[in-house]
Amino acid sequence: MDPSVSPYGPLRADRPDLDAYLAADEVVDHRHPAVMERAAALRRADPVATAEAVFDFVRDRIDHSADVGRWSAAYRASDVLAAGDAICHGKAHLLAALLRANGIPAGLCYQRLEVLHGLNGVLLPGSSWWVRLDGRGNRNGADGRFATTPAAEQPAWTGEPTLDRRHCATVYAATPPVLLDGLRRARPGVTGFDYLPLELPGEA
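What the sequence shown shows, in numbering that gives the first Met the number 0, is residues 0 to 203, in sequence order.
Pasting the structure below:
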């Protein structure tokens, strides 16, 4: 088996400069003191172990809103950390922030389900391959696992990709504007995903 070949298709960066995948912005705000503190607490002796500790923390310690019936509407990484729950996009933003704070390039990628599902593309140290990591949380049938190669990827929702359940190919350095507009419309305590787009421009 070729370790560089993902069962969910290849990933490509939308930015040529890796610095874009280490940068802080309004959403992936890893220079926030609380995010920096948590990132330091999750740091391990080697970067791959650090990435796995970060992944496990976001998957297992930050609740998915739909699993617990607590809808914070948080999407900014620092707000997700403070709230302790978010939908998949907020969790992906926090995962990216904690990885970037530890010097590990991380971006955002997506899967088309009934709504647009958010996960991460990560470039582990010493690797030339982006790997999908899905920290959605393993309840209600989800089963995301840590992977170090594309061939070993296990997102939360597996199965044969189809037109309506396919993975997008792009690793975004920042949240796409159409998605960010939707996330800004979410309101605390309001259930559902009506504010999310079904797909992204150029990924149809």
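Quick reminder that beta carbons are idealized off the backbone N, C-alpha and C, glycines included. Remember, predicted model here, so these are calculated numbers, not experimental data.
Residue i, DSSP secondary structure in three states
i	result
H29	coil
R60	helix
Y20	helix
T190	coil
V4	coil
D55	helix
E49	The sequence shown places Thr at residue 49, not Glu. DSSP places T49 in helix when its eight states are reduced to three.
L195	coil
A76	helix
E211	For residue 211 there is no data in the structure shown, the boundaries of the chain being 0 and 203.
R165	coil
R135	coil
Terminal residues of the alpha helix (DSSP H) in which residue i lies
i	result
L98	C87 to A100
L178	P176 to R184
L132	Where L132 is concerned, there is no enclosing alpha helix (DSSP H), although the beta strand (DSSP E) it sits in stretches over W129 to L132.
Proximity winner among the options, relative to residue i (alpha-carbon distances)
i	options	result
A76	L93, R60, R37 and R69	L93
D28	A172, G191 and S71	A172
D193	A40, S126, A72 and A12	A72
A12	H88, A38, R30 and G106	G106
L97	R37, P154 and V170	R37
L178	L195, E152 and A155	L195
C108	G117, A100 and N101	G117
E202	D55, M0 and L115	L115
L123	E113, N137, A95 and G143	A95
D62	R69, D84 and R42	D84
F54	I103, G140 and A185	I103
L17	D66, A44, S126 and E25	S126
P154	P2, D1, M0 and Y7	Y7
G191	P2, I86 and D59	I86
Boundaries (first-last residue) of the beta strand (DSSP E) holding residue i
i	result
V121	L115 to L122
L107	A105 to R111
C-beta contact flag for residue i and residue j at 8 Å
i	j	result
A52	V121	no
R30	R111	no
V57	G134	yes
T174	V47	no
A150	V34	no
L21	W129	no
A168	W156	no
G143	W70	no
Those residues which DSSP pairs with residue i across a bridge
i	result
D84	D62
A12	V170
R144	Q153
Any non-hydrogen atom of the ligand COA closer than 7 Å to residue i Cβ
i	result
D84	Questions concerning the ligand COA fall outside what the structure shown contains, since it holds no ligand whatsoever.
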